[in-house]
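Enquirer: Counting with full-length UniProt numbering, you get residues 1 to 582 for the letters of the sequence shown. We treat Cβ as the ideally placed atom computed from N, Cα and C, and that holds for glycine.
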Amino acid sequence: MRFDDFLYEHLGKIGKYQKIQFFLVCLPTAVVAMHALSWTFSAVEVPSRCALPDEGVDSRFFSDSSKLKIDSCLDGENKRVDISMFGNNGITCKYDSCHYANDSSMCERHVYEHSRVYTATERWDLTCQRSWIKATVQASYYVGQMLGSITFGILGDKIGRKKVFCLAIVIQIACGLSLAWAPWWPLYALFRMGTGFAHPGIFVIAVVIGTELVSPRHRRLASFITSIFFSIGQIILGLEAMFITDYRWLHIIIALPDILFLTYYWLVPESARWLVSRRRFEEADKVLQKAAKMNKTTLPSKWWEQIDTFDTTGKIEKQDQDSSNPLSKCPFDKPTGVDESKKHGFADLFRTPEIRKRMLVAMFLWPTVAMVYYGMAMKANVLGGDIYWNFIFAAIIEIPAVIAVYFLIDRIGRRFLIALGFFLAGTCLIANWALSKSSLADSIPLAIVQMLITKGSIAGTYTAIYTYTPELFPTPIRNTAMGCCSTIARVGAITASYVAFWIVERFGKVYMIIPFGILAVTAALLTIIFLPETMGKHLPDTIEEVESQARKIRILKANKVIDSRGHKLAPIDRPSVQVNDF
């Protein structure tokens, strides 16, 4: 008996034990989301102006108008701040926040408005020519995330999920609290990298633990629920940022719940599946006996003797671990008919034409979806509106988007769903730029609607692409392909950091929404034109199987037996290959 069948037979579908344990491991993922996007508010833009040569460090934002040379004020947008009603002279003008009014040289120091928040932007003067530092700090988080994916992936297989999960929580506590007192921005960036390093150790391991608790048919549901908790964390972050005006206290409030999660060392047991894969049957028995008692079922004595030997060697378990990516459909079992005498590696992703085509398209889709998703999260007000409310609304819209994907992905197909998400996000971004030249340019409700459609569409696409991508590749190189896509997605997130925190603040929103919009629409076209539909089809076991299927499809299309979506057309006399041949 396979271990999956054993779990289903003796513990049921999703009993009380699975629900409680899955809820516990999902809670920290909400805090992970708060850490991941906290820089959005810690470095929020604050109205500022140049500090004049004779002004002290305690200067007020609204200084005497005579010093600002009102008669030579510059006009413009984005990097210029309104300075109204200086003194009582009734003069209103726009003042260049990055230059002196009569001087083309950059400011040496800025004076910030203190009416609402105290941010890292003010503390380290991260504006104008120093705004690249803001982008670098956020990019450091994603660098840490890449390093953490590799490190915790290996450790999770070697020392167990529970230990890795708790270790990542400890790292997140230490680095999260340290962000509040870091005296220099390079040290702050290092702690941001630390919180990013802990990200996969918590989020990915939570998904793995959750999926290993249930049978294969319920694993996708577990993954989708984890992503919903990630969205809930963003909502909480937005609400906290509205009321906590000092970025240092914001970091403390975010990190404090992590301390409660230290109790997981006693509350969350080790994964029984991992213990079985390591032949630690007595320990696995203690875990499963507790689960059976809570679910009001019983286990046979020495149940491990009923488990197939192939399931306890660790080979199938390794496939499950590697394929349990966040939001993925389910782990993939090792096919019994695959010849393992030949070793496969990264080069096999580009050696044959069909696999190469799919990989190149995937390498475009993944950084694009990450870039648009994180770019919209980090700059929620880029299309207009208030950054706090926009951020909250954008996080809320992710929840119905993820739920919609869950119910639609097996009904209308992966390819169409992903292409539609990319297309909606891209067209909304481009439409916002086009409408900025019309009478609707100042319509805040319209901007919010466009933002919600963009964020909801791209969030749904991000969810669906985790299911779709593994189905495009055969078993020997499936994990390699997913690892490559996940890594290059981090490059997209790093790029989004520099665009959102540097390019937009220095040169304007058009340099974000137009490139992002074009990339998203292009991704939609590439998906429809070059990628196949995988809904309802078995997972390919070999590279040759993928190439053979692709050749048959080309022949069928050439003979007009099927259309571009793979649907059978009216019969004709010519074709020598039939639809049922594959």
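Is DSSP giving residue 109 helix, strand or coil here?
Expert: coil
Enquirer: Check the C-beta distance from residue 297 over to residue 11 and give it rounded, since I have them as a contact under 8 angstroms.
Expert: About 6 angstroms separates the CB atoms of residue 297 and residue 11; that is less than 8 angstroms, so the two are in contact.
Enquirer: Taking 7 angstroms as the cut-off, decide whether the C-beta atoms of residue 527 and residue 411 are in contact.
Expert: no
Enquirer: So which of 453, 185, 165 has the shortest CA-CA distance to residue 140?
Expert: Ranking 453, 185, 165 by Cα distance to residue 140 puts 185 first.
Enquirer: How many angstroms separate the CA atom of residue 285 from the CA atom of residue 299?
Expert: For the pair residue 285 and residue 299, the Cα-to-Cα distance works out to about 9 angstroms.
Enquirer: Are the region 122 to 129 and the region 163 to 172 touching, with three or more C-beta to C-beta distances below 8 angstroms?
Expert: The region 122 to 129, when compared against the region 163 to 172, does not touch it at the 8 angstroms Cβ threshold.
Enquirer: Just mark residue 246 as buried or exposed, buried being the case when its beta carbon has 16 or more other beta carbons within 10 Å.
Expert: Under this definition residue 246 is an exposed residue.
Enquirer: For residue 119 and residue 210, I'd like the C-alpha separation in whole angstroms.
Expert: 37 angstroms
Enquirer: In angstroms, rounded to a whole number, what distance separates the CA positions of residue 335 and residue 515?
Expert: Confidence in residue 335 is poor, its pLDDT being 43 and thus under 50, which makes the residue's placement unreliable; the coordinate value appears in the next sentence. Whole-angstrom Cα-Cα distance: 42 angstroms.
Enquirer: Taking a contact to mean a Cβ-Cβ separation below 7 angstroms, would you say residue 474 touches residue 542 in this structure?
Expert: yes
Enquirer: Since I believe residue 504 is in contact with residue 379 (beta carbons under 8 angstroms), could you give me their beta-carbon distance rounded to a whole number of angstroms?
Expert: The Cβ separation is near 6 angstroms, so the contact holds.
Enquirer: Could you say if the region 450 to 468 and the region 419 to 434 meet the contact criterion of at least three C-beta pairs nearer than 8 angstroms?
Expert: yes
Enquirer: Bridge partners of residue 49, per DSSP?
Expert: BP columns for residue 49 point to 111.
Enquirer: Using only the alpha-carbon positions, how far apart do residue 137 and residue 544 sit?
Expert: 45 angstroms
Enquirer: Assign residue 316 to one of two classes, buried (16 or more other C-beta atoms within 10 Å of its C-beta) or exposed (fewer than that).
Expert: Interpretation of residue 316 is limited by its pLDDT of 41, a score under 50 that renders its predicted location unreliable; the figure taken from the coordinates is listed afterwards. So residue 316 ends up on the buried side.
Enquirer: How big is the Cα-Cα spacing for residue 228 and residue 530?
Expert: When the Cα atoms are used, residue 228 and residue 530 turn out to be separated by approximately 31 angstroms.
Enquirer: Report all residues from its chain with a CB closer than 7 angstroms to the CB of residue 250; omit the five preceding and five following residues, and keep chain order.
Expert: 38, 41, 42, 240, 241, 244
Enquirer: Can you list, in chain order, the residues of its chain whose CB lies under 6 angstroms from that of residue 517, leaving out five sequence neighbours each side?
Expert: 426, 429, 430
Enquirer: Exposed or buried, which one is residue 289 when buried takes at least 16 other CB atoms within 10 Å?
Expert: exposed
Enquirer: Which value, in whole angstroms, describes the spacing of the CA atoms of residue 48 and residue 183?
Expert: 22 angstroms
Enquirer: Distance, Cα to Cα, residue 433 vs residue 157?
Expert: 48 angstroms
Enquirer: If you follow the alpha helix (DSSP H) that residue 123 is in, where does it begin and where does it stop?
Expert: First-last of the alpha helix (DSSP H) with residue 123: 120 to 123.
Enquirer: Comparing C-alpha positions only, which one of 480, 510, 418 sits nearest to residue 435?
Expert: 510
Enquirer: Give me whichever residues DSSP pairs with residue 246 in a beta bridge.
Expert: 118
Enquirer: Would you grab the beta carbon distance between residue 595 and residue 264 for me? Rounded to a whole angstrom, and I think it's under 8 angstroms.
Expert: An answer regarding residue 595 cannot be provided, because it is not within the stretch 1 to 582 covered by the chain.
Enquirer: With H, G and I counted as helix, E and B as strand and the rest as coil, what does DSSP make of residue 282?
Expert: Residue state for residue 282 is assigned as helix, using DSSP reduced to three classes.
Enquirer: Quick check: the Cα distance between residue 466 and residue 404, rounded to an integer number of angstroms?
Expert: 15 angstroms
Enquirer: CB-CB under 6 angstroms to residue 374, same chain, minus the five flanking residues each way: which ones, in chain order?
Expert: 493, 496
Enquirer: Rounded to whole angstroms, what is the Cα-Cα separation between residue 78 and residue 258?
Expert: For residue 78, the predicted structure reports a pLDDT of 38, less than 50, and the residue's modelled location is therefore unreliable. The matter cannot be settled from this model.
Enquirer: Let me know the secondary structure DSSP gives residue 473 once reduced to three states.
Expert: If DSSP states are grouped into helix, strand and coil, residue 473 belongs with coil.
Enquirer: Do the CB positions of residue 108 and residue 46 come within less than 7 angstroms of each other?
Expert: Not a contact, by the Cβ cut-off of 7 angstroms.
Enquirer: Helix, strand or coil for residue 423 per DSSP?
Expert: helix
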